[in-house]
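Residue numbers (my numbering): 44 to 300.
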Ligand SMILES: C[S@@+](CC[C@H](N)C(=O)[O-])C[C@H]1O[C@@H](n2cnc3c(N)ncnc32)[C@H](O)[C@@H]1O
C-alpha cells in the first residue's frame with residue numbers, strides 16, 4: 044500500500060518513464076489531487092492502483108499532468124520578431140534550416156513555424172521536427188484540423204493562404220503539413236538530436252523545477268549549431284543565459300555562442 048506523493052512519483056516513473064520529481068510539486072499535486080478526488084479515490088496510493096490497472100485511467104492521468112493549451116501565432120509580437128529579425132539573419136548564413144518545436148502539443152506551434160518560414164524560403168529546404176510527450180496530442184496534431192478560435196491570433200493573410208475552411212473548422216494545407224514531422228519525445232528522459240538552427244520550446248519549462256530547467260538549458264544549448272537560436276515562451280526568460288553559452292538576441296530569443 045502506498046500512500047503519499049513521493050511513493051506515487053516512484054511508481055509512476057517505473058510505469059511510464061515520466062519523472063514527476065522534475066515538475067513543480069505544489070502545482071502538480073494540486074492538479075492530480077483534484078482529479079483523483081473527483082473520481083472517488085482518497086489518496087495517491089488508491090489512485091496509483093487505478094491508473095496502473097486501467098488504460099483509460101492512465102490516459103486521463105497523462106492528459107491531466109500535461110497542459111496542452113496552444114494556439115497559432117501565440118504571443119504574436121514574438122512571432123513578428125522571428126519573422127522580421129531572426130529568420131532573415133539565420134537565412135543569410137544557411138540555405139537549409141533544421142528546426143525543432145519541442146513540446147509542440149496539438150501542432151499549432153510547428154505549423155505556425157512552417158507558415159512563417161514559408162515566407163522566407165521554399166519549404167523543401169526546411170525540416171521541422173515537432174515533439175511531445177503525449178501521444179494523444181500528437182495524433183490530433185497530425186490531423187491538422189482546428190477550431191476557428193485557435194486561429195484568432197494568426198494574421199488574416201496567413202489564415203487565408205494556409206488553411207482550407209470547412210464550417211467552423213480549418214484544415215492546414217498539405218504543403219504546410221508535409222514540412223512537419225511529429226514524434227513522441229520526453230524532454231526529461233530522451234536524448235536530443237543536434238545541429239539545429241532553431242529550437243522553439245515555449246510554455247512547458249514553466250512546469251519544471253529549477254534543476255530540471257538547468258539540465259534542459261544545457262541540453263538545448265548543446266543541440267544548437269553555433270549561432271543557432273533558442274526561442275522560449277513569454278514568461279520563460281533565462282536569467283543566466285551566458286552560463287549555457289547562450290546570448291540574448293532579442294527578448295525571449297537566445298543565440299548559441
Ligand atoms: C502548454 S503546452 C505548450 C504548447 C506549445 N509549445 C505552445 O507554447 O503553445 C505544454 C506541452 O508540453 C508537453 N510536455 C509536458 N511535459 C513534457 C515532457 N517531459 N516532454 C515533452 N513534452 C512535455 C505537454 O504534453 C503539452 O503538450
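We put the CB at the ideal spot given by N, CA and C, even for glycine.
Whole-Å CB distance - residue i paired with residue j, under 8 angstroms assumed
{"i": "residue 242", "j": "residue 279", "result": "Going by Cβ atoms, the distance from residue 242 to residue 279 rounds to 13 angstroms, so no, they are not a contact pair."}
{"i": "residue 239", "j": "residue 142", "result": "7 angstroms"}
{"i": "residue 104", "j": "residue 173", "result": "Rounded, the Cβ-Cβ distance is 23 angstroms, inconsistent with contact."}
{"i": "residue 54", "j": "residue 91", "result": "5 angstroms"}
{"i": "residue 285", "j": "residue 65", "result": "Contact doesn't hold; Cβ gap of about 24 angstroms is too wide."}
{"i": "residue 72", "j": "residue 48", "result": "6 angstroms"}
{"i": "residue 235", "j": "residue 262", "result": "5 angstroms"}
{"i": "residue 162", "j": "residue 126", "result": "7 angstroms"}
Whether residue i touches residue j by CB criterion (8 angstroms)
{"i": "residue 272", "j": "residue 181", "result": "no"}
{"i": "residue 115", "j": "residue 80", "result": "no"}
{"i": "residue 194", "j": "residue 213", "result": "yes"}
{"i": "residue 196", "j": "residue 298", "result": "no"}
{"i": "residue 179", "j": "residue 102", "result": "yes"}
{"i": "residue 246", "j": "residue 264", "result": "no"}
{"i": "residue 95", "j": "residue 58", "result": "yes"}
{"i": "residue 144", "j": "residue 110", "result": "no"}
{"i": "residue 50", "j": "residue 136", "result": "no"}
Exposure label - residue i; buried when at least 16 CB within 10 Å
{"i": "residue 155", "result": "buried"}
{"i": "residue 237", "result": "exposed"}
{"i": "residue 177", "result": "buried"}
{"i": "residue 165", "result": "exposed"}
{"i": "residue 228", "result": "buried"}
{"i": "residue 230", "result": "buried"}
{"i": "residue 175", "result": "buried"}
{"i": "residue 223", "result": "buried"}
{"i": "residue 215", "result": "buried"}
{"i": "residue 220", "result": "buried"}
{"i": "residue 149", "result": "buried"}
{"i": "residue 282", "result": "exposed"}
{"i": "residue 203", "result": "exposed"}
Own chain residues within Cβ distance below 8 angstroms of residue i, not counting five before or after
{"i": "residue 44", "result": "With a pLDDT of 45 at residue 44, under the threshold of 50, the predicted position of this residue should be treated as unreliable, though the coordinate-derived value follows. Answer for residue 44: 88, listed in chain order."}
{"i": "residue 293", "result": "124, 128, 129"}
{"i": "residue 74", "result": "107, 108"}
{"i": "residue 207", "result": "213, 214, 216"}
Cutoff 7 angstroms; reference residue i; Cβ partners in own chain excluding five residues on either side
{"i": "residue 93", "result": "84, 100"}
{"i": "residue 267", "result": "239, 242, 273, 299"}
{"i": "residue 147", "result": "153, 173, 174, 175, 184"}
{"i": "residue 113", "result": "148, 149, 151, 152"}
{"i": "residue 260", "result": "281, 287"}
{"i": "residue 291", "result": "284, 297"}
{"i": "residue 218", "result": "166"}
{"i": "residue 255", "result": "65, 231"}
Close Cβ partners of residue i (< 6 angstroms) along its chain, the five nearest in sequence each way excluded
{"i": "residue 201", "result": "158"}
{"i": "residue 276", "result": "245, 246"}
{"i": "residue 78", "result": "107"}
{"i": "residue 188", "result": "212, 214"}
{"i": "residue 191", "result": "211"}
{"i": "residue 56", "result": "62"}
Residue i at chain B interface by Cβ criterion, 8 angstroms
{"i": "residue 241", "result": "Here chain B cannot be found, since the structure has a single protein chain."}
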